[in-house]
Amino acid sequence: MKTAGALLLALAGSVAAAGPGYAQSIHDTDSASLQTLFVFGGRYYSEYIENGINPFKPAYENNYIVGAGYQRFLPGSWHYWRLGLEVGLAARLGDSTSAEMWAGAVARFDGIVLGPVRISPALTLGVSAESGMVGVEAVHAQEVGGGDPALLFYMAPEINVSWTDNPNLEVFWRLQHRSGAWNTLGNMRDGANATTVGLRWKF
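What the sequence shown shows, in mature numbering (1 follows the signal peptide of the UniProt record, and there is no 0), is residues -17 to -1, 1 to 186, in sequence order.
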């Protein structure tokens, strides 16, 4: 998770780039929509998380992920920021089959509006448990000292896109990342990374 700071800066840069001239009132979203359901699918790659920022760059594995999740946000917002909780479950398919479950806190910025389109960067941080290793994760587990990826830290930066006249449906691009944060958890430096796309419904 060495690049967590860089990803946070990238999200902050997106917010700064929006500027007051680009942000419209948050009232053109449904502020009563405190809950969301989402589904997504994608593919694992054998490199560190930063290599997935450009989805055409990574060395992809023959391992795939399909999953779903639920989010619950706190009422109200602060300068277009919203905070909430997220839980999710995914199947990892390919060279082997396993399951992943995660839970964490999510922060989301809804203040970037370009004409009829809203762009909402978000970041989820938490913990992730799995039933078995996937792809390069098995290689990381054999690094100096050995490691156990059964329970690792979880991070998922994402970009959401929706129409201002239909704010309760959006598409998103999301990086699915789990690691030990420099051997802090499970004696693992890195775990597994996937780039995904999905749909989210707010209600």
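Don't be surprised by glycine CBs; every beta carbon is placed ideally from N, CA and C. Being a predicted model, the structure only gives us computed values, none of them experimental.
### Whole-number beta carbon distance between Phe23 and Gly50, since they are thought to touch under 8 Å
Yes, they are in contact, since the Cβ atoms of Gly50 and Phe23 sit about 6 Å apart, within 8 Å.
### Buried versus exposed, by CB contacts within 10 Å (16 or more), Val119
By the neighbour-count rule (16 or more Cβ atoms within 10 Å), Val119 is buried.
### Task
Give the secondary structure of Ile102 by DSSP, where H, G and I count as helix, E and B as strand, and everything else as coil.
The answer is strand: DSSP assigns Ile102 an E or B state.
### Task
Find the nearest neighbour of Arg91 within the set Gln159, Asp173, Ala139 and Phe186, judged by alpha-carbon distance.
The shortest C-alpha to C-alpha distance from Arg91 to any of Gln159, Asp173, Ala139 and Phe186 is the one to Ala139.
### Message
Tell me which residues share the same chain as Pro99 and place their Cβ nearer than 7 Å to its Cβ, disregarding the 5 neighbours each side in the sequence.
### Response
Around Pro99, the same chain offers Trp146, Thr147 and Asp148 as residues with beta carbons nearer than 7 Å, after the five sequence neighbours per side are excluded.
### Query
When you compare only the Cα positions, how much space is there between Asn170 and Arg161?
Rounded to whole angstroms, Asn170 and Arg161 show a C-alpha spacing of 13 Å.
### Residue interval of the beta strand (DSSP E) (run including Ala133)
Under the DSSP assignment, Ala133 falls outside any beta strand (DSSP E); it carries neither an H nor an E label.
### Selection from Phe186, Ala124, Gly174 and Lys185 that minimises the alpha carbon distance to Ile32
Ranking Phe186, Ala124, Gly174 and Lys185 by Cα distance to Ile32 puts Gly174 first.
### Query
Which residues in the same chain have their Cβ closer than 8 Å to the Cβ of Leu182, if we skip the five residues on either side of it in sequence?
The beta carbon of Leu182 sits closer than 8 Å to those of Phe21, Val22, Phe23, Leu152, Glu153, Val154 and Phe155, all from its chain and outside the five residues before and after it, given in chain order.
### Message
For Tyr137, count the other beta carbons within 10 Å of its own beta carbon; 16 or more makes it buried, fewer makes it exposed. Which is it?
### Response
Note on Tyr137: 16 or more other CB atoms within 10 angstroms of its CB, so buried under the neighbour-count rule.
### Query
Looking at C-alpha atoms only, which residue of Tyr28, Ile95, Val110 and Phe39 is the closest neighbour of Gly77?
Checking every option, the nearest Cα to that of Gly77 belongs to Tyr28.
### Query
Going by DSSP, which residues form a beta bridge with Tyr27?
Under DSSP, Tyr27 shares a beta bridge with Ala177.
### Message
For Ser79, tell me which candidate among Glu69, Gln18 and Ile48 has the shortest Cα-Cα distance.
### Response
The residue with the shortest Cα to Cα distance from Ser79 is Ile48.
### Task
Give the single residue among Leu134, Glu44, Tyr53 and Ala88 whose Cα lies nearest to the Cα of Glu113.
Nearest Cα to Glu113 within the set Leu134, Glu44, Tyr53 and Ala88: Leu134.
### Cβ separation of Ala124 and Gly130, assumed to be a contact under 8 Å, to the nearest whole Å
Rounded, the Cβ-Cβ distance is 5 Å, consistent with contact.
### Query
Leu158 to Trp61, Cα distance in whole Å?
Each residue's alpha carbon lies about 25 Å from the other.
### Residue from Ile95, Leu168, Gln18 and Ala177 whose Cα sits closest to the Cα of Arg75
Checked all of Ile95, Leu168, Gln18 and Ala177; the closest Cα to Arg75 is Ala177.
#### Entry: Minimum C-alpha distance to Trp85 - residue among Leu108, Tyr63 and Asn166
If we check each option's Cα against that of Trp85, Leu108 comes out closest.
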